[in-house]
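What follows is a single structure, written as structure tokens, with notes after it.
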Amino acid sequence: MQKKNYAKNIFKARKVKKLTQKQLSEELGCPVSTISSWENSLFKPAESHLSKLSILLELTVEELVDESLVDDKKEKYVSILPAKLDIEESSGQLAALIQGFSLLSERDRHEILEIIKIKIASQHI
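Residue numbers for the sequence shown, in this note's numbering: 13 to 137.
Here you go:
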């Protein structure tokens, strides 16, 4: 069986960070067998693990998962964005959020962006 992109990416990133499967599993709070299953393409990481995994391995969610799936989703979201977002009505709220976001630590900003990406990718449109 050929390894999927996510399996290769997790394995390579873990090795670059000089982490064992056991160390990574302890950081994520999951069994070592889960890490092994990801790296052997038995199953993909659950959404609940993707954000923390991306932070620990210093990769974006896109870099962890199969790019073709992400590209398909991006195209759908770009086409529906204007219908779902009224910029004029939301500008005050967005400005306040952006200002607050800029005050967060780099790690917190990265984590929030990854959570948003996961939520967007999980939408079934």
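Glycine included, every Cβ here is placed at the ideal spot set by N, Cα and C. These numbers come from a predicted model, not from an experiment.
query: Taking the alpha helix (DSSP H) that E118 belongs to, which residues open and close that run?; result: E118 to A133
query: Can you give me the Cβ contacts of P43 inside the same chain, cut-off strictly under 8 Å, excluding the 5 residues immediately before and after it?; result: S37
query: From G41, L54 and F55, pick the residue whose C-alpha is nearest to that of L65; which is it?; result: G41
query: Excluding five sequence neighbours on each side, which residues of the same chain lie with their C-beta closer than 7 Å to the C-beta of S63?; result: E123, E126, I127 and I130
query: Check for me: the alpha helix (DSSP H) holding N21 runs from which residue to which?; result: N17 to V28
query: Closer than 7 Å by C-beta to F55: which residues in its own chain qualify, once you throw out the five before and the five after it? Chain order, please.; result: S49
query: Rounding to the nearest angstrom, what Cα-Cα distance links R119 and E70 in this structure?; result: 10 Å
query: If you measure between the beta carbons of S53 and A19, is that distance less than 8 Å?; result: yes
query: Using CA coordinates, which residue listed in A58, L68, S60 and P57 is at the minimum distance from K30?; result: L68
query: Looking at the C-beta of K27, does it have a partner C-beta in chain D at a distance below 8 Å?; result: You won't find chain D in this structure, because it holds only one protein chain.
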